[in-house]
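Report on one structure; see the data block that follows.
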Amino acid sequence: MQNSDTSRKLTRRKTEEFIIINLLRLSGLISIITTVGIISILGVNSIPFFSEVGFKEFFTGLKWTPLFIPQNFGILPLVNGTFLVAFIAASTALVFGLGSAFYLSEYASRKFRKIVKPFLEILAGIPTVVYGYFALTFVTPIIQFFFPETIIFNALSAGIVMGIMIIPMVSTLSEDAMNAVPNSLREAAYAVGAKRYQVALRVVFPSAISGIVASFILAISRAIGETMIVSLAAGGKPALTINPLDAIQTMTAYIVTVSQGETQQGSVEYNSIFAVGLLLFFLTFLMNIIGRLIVTKYAQQYD
Amino acid sequence: MKDKFFNLIFLLAVMVGLISLMVLFIDIISDGYKYLTWDFFTNYASRKAEKSGILAPLAGTLWLISMTAILTIPIGISTALYLEEFATDNWFTKLIKLNVSNLAGVPSIIYGLLGLAFFSYTLSLGKSLLAGALTMTLLVLPIVIIASQEAIRTIQPSLKDAAYALGATKWEVSKNVILPHSIGGIMSGIILAMSRAVGETAPILIISSLVFITTVPSGPMDRFTILPLQIYTWAAFPQDEFRAIASTGIIVLLCILISMNSIAIFIRLKNQD
Chain H
3 MQNSDTSRKL TRRKTEEFII INLLRLSGLI SIITTVGIIS ILGVNSIPFF SEVGFKEFFT
63 GLKWTPLFIP QNFGILPLVN GTFLVAFIAA STALVFGLGS AFYLSEYASR KFRKIVKPFL
123 EILAGIPTVV YGYFALTFVT PIIQFFFPET IIFNALSAGI VMGIMIIPMV STLSEDAMNA
183 VPNSLREAAY AVGAKRYQVA LRVVFPSAIS GIVASFILAI SRAIGETMIV SLAAGGKPAL
243 TINPLDAIQT MTAYIVTVSQ GETQQGSVEY NSIFAVGLLL FFLTFLMNII GRLIVTKYAQ
303 QYD
Chain R
488 MKDKFFNLIF LLAVMVGLIS LMVLFIDIIS DGYKYLTWDF FTNYASRKAE KSGILAPLAG
548 TLWLISMTAI LTIPIGISTA LYLEEFATDN WFTKLIKLNV SNLAGVPSII YGLLGLAFFS
608 YTLSLGKSLL AGALTMTLLV LPIVIIASQE AIRTIQPSLK DAAYALGATK WEVSKNVILP
668 HSIGGIMSGI ILAMSRAVGE TAPILIISSL VFITTVPSGP MDRFTILPLQ IYTWAAFPQD
728 EFRAIASTGI IVLLCILISM NSIAIFIRLK NQD
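If you're matching them up, the sequences are chains H and R in order. Positions 3 to 305 (the working numbering) are the ones given, in order, by the first sequence. Positions 488 to 760 (the working numbering) are the ones given, in order, by the second sequence.
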């Protein structure tokens, strides 16, 4: 009697365990479905676009004017604008982020680091629309003061502000790379009479270089996908230019422009945002993978 | 001498970040404080800047975040629990882990495209709160999963081992040992993920397009706008008055974010004791 009761309890526990583990597995599956969903949604909606426009025009055309007649679908001006802003942003972030990492890793006291780091992290937590406002109403007027010809929408303002936003990311990743450099290397340099800046620049920097490169790549990837700052401050004019004072349009800003209007579902303009999205997805995906591969590789370097 | 020079240069780099933060706050407060009245909270958007308020976007943000939280929390914690406690170290587990960290790096606007094509059109949810919340859920899920995993990982193995030694099953250990001990870390991670959702603009902009909404949503199928989207709309106007109320909106948005972050930090500190 008692025995069967226990065994019934045991079976119930086993069933419960079985149901739970499958429920949990199912929620894990949601993340996989999301990725599959993203790729297939972008792919499926791009097919009609590419069959109408063709890969050749998309990848080699020099004009992007989908919302005007005659329509042109050459993505290069958008890619150009995207990378121009991303390069300005990543360079800004690299200069100040790397400098911060040197200070926090090699110079600062533990107390200073503990107080300052949370404040730096706040920069990464501010919504991008706020940075867009800041670029448009604060940084652009400063640029116009120095270069009076500059129009209100320009790549430089958006790029600099985006760079400030990703300082914490570059700083944290570079600092991690510097912290991974074993102290014995520093001590060896100090033992032969090296000064602190020599240790920082000639020992720590070369040893951490792969991590720093990775942080630059991840910063570019982050900047490529950023939307609100460029939509507000960089303009809406696709252009093949390397002049940072020009108005440009990025891939993300184009997607925003189309979805702001009432575009008919199934029209070539509607489908074009998925083709642009697909390219955007692959670019950021590729850079994230490369960046992360470098990070994992250098992490093992000194084990 | 040269050492002092480099010390100064590097310190300057740190200062650039901190000073930018300060300038940003000062700029926004000085631009926007004068419209920060009670009416600003109780008025709807208007063609006139001085009569505009944030009632509709504030309500929309509250709705959106509550719905996102309801959807995200169970799925996020379950996934983290599965990865940390239940999953064996096989290719499927590795695939999920790799996939979660990749999803965290996907630009938010891509989630907007997914939401537009799948939730709005394929599932015919249109420009509703539900379409927005489902999209936002997919966006913040990787953050919640990663934060919960970290919280679960900090539990001392001896606690779990003791329960296993008494014959507890994995689910009993999870329910009675792991979750109670990691709930503080998980909660603070969830609040941080939600504060990310509060500030996200791009995916909602893609789904709901630019809208002029003067109603408070009353259910998940209603159309809506959110605070950052309203700020974007105002900031894009060329008139100075509208830019000023955009910055008033930013003050409110930042206050919400600062409160959420303070709560997260408070929970974390309390849990350390």
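We put the CB at the ideal spot given by N, CA and C, even for glycine. Computed from a predicted structure; not experimentally measured.
Assignment of beta-bridge partners to W550(R) by DSSP yields no partner. In this structure K657(R) is not in contact with F579(R), their Cβ atoms being roughly 17 angstroms apart against a cut-off of 8 angstroms. In this structure, the beta-carbon distance from I275(H) to L600(R) falls below 8 angstroms. N290(H) and N586(R) do not touch by the CB rule: their CB atoms are close to 12 angstroms apart, not below 8 angstroms.
Taking a 10 Å sphere around the C-beta of F57(H), we find fewer than 16 other C-beta atoms and assign the residue as exposed. The continuous stretches of alpha helix (DSSP H) do not include F573(R), and DSSP gives it neither H nor E.
Below the 9 angstroms Cβ cutoff, chain R contributes G592, V593, P594 and I597 as neighbours of T286(H), in chain order.
When DSSP states are grouped into helix, strand and coil, S615(R) belongs to the strand group. The alpha-carbon of T152(H) is positioned some 40 angstroms away from that of L549(R). W658(R) has no beta-bridge partner at all, per DSSP.
Proximity to S48(H) across F284(H), N273(H) and F287(H) peaks at N273(H), based on C-alpha coordinates. Of the other Cβ atoms in all chains shown, fewer than 16 fall within 10 Å of the Cβ of P120(H); this residue is therefore exposed. Counting C-beta pairs with one atom in each stretch, the stretch 496-515 of chain R and the stretch 99-114 of chain H have three or more that are closer than 8 angstroms, which means they touch. No residue range can be given for R204(H), since it is assigned to no alpha helix (DSSP H) and is classified by DSSP as neither H nor E. Only those residues of the stretch 229-255 of chain H whose C-beta falls short of 8 angstroms from the nearest C-beta of chain R are listed: T229, M230, S233, L234 and T254. At least one beta carbon of chain H lies nearer than 8 angstroms to the beta carbon of K489(R).
With 16 or more other Cβ atoms from the protein chains shown falling within 10 Å of its own Cβ, R224(H) counts as buried. Between the alpha carbons of F284(H) and E59(H) lies a gap of roughly 19 angstroms. Residue burial annotation: Q251(H) is buried, with at least 16 other C-beta atoms found within 10 angstroms of its C-beta. Where I144(H) is concerned, the enclosing alpha helix (DSSP H) starts and stops at T142 to F148.
The DSSP assignment places complete alpha helix (DSSP H) segments of no fewer than 4 residues inside the stretch 637-715 of chain R at 644-652, 657-660, 666-686 and 689-695, in order along the chain. With 16 or more other Cβ atoms from the protein chains shown falling within 10 Å of its own Cβ, V201(H) counts as buried. Taking A88(H) as reference, the option from A160(H), I43(H) and V38(H) with the minimal CA-CA separation is A160(H). Annotation for V593(R): no alpha helix (DSSP H) segment contains it, and DSSP assigns it neither H nor E. In this structure D518(R) is buried. Its beta-carbon is surrounded by 16 or more other beta-carbon atoms within 10 angstroms. Between the beta-carbon of Y522(R) and that of T712(R) there is about 18 angstroms, and that puts the pair past the 8 angstroms contact cut.
At least one CB of chain H lies nearer than 8 angstroms to the CB of K657(R). By the CB criterion at 8 angstroms, D178(H) and G213(H) fall inside the cutoff. By the CB criterion at 8 angstroms, I515(R) and A567(R) fall outside the cutoff. Among the CB atoms of chain R, one or more fall inside 8 angstroms of the CB of I166(H). For the 8 angstroms CB-CB criterion, L282(H) and I597(R) form a contact. Nearest CB-CB separation between F61(H) and chain R: not below the 8 angstroms threshold. In this structure, A650(R) sits near V664(R), with a CB-CB distance shorter than 8 angstroms.
By the CB criterion at 8 angstroms, F527(R) and I541(R) fall inside the cutoff. Within chain H, the residues placing a beta-carbon under 7 angstroms from that of I562(R) are S29 and I32, ordered along the chain. Identification of residues in the stretch 533-556 of chain R having a C-beta nearer than 7 angstroms to some C-beta of chain H yields an empty set.
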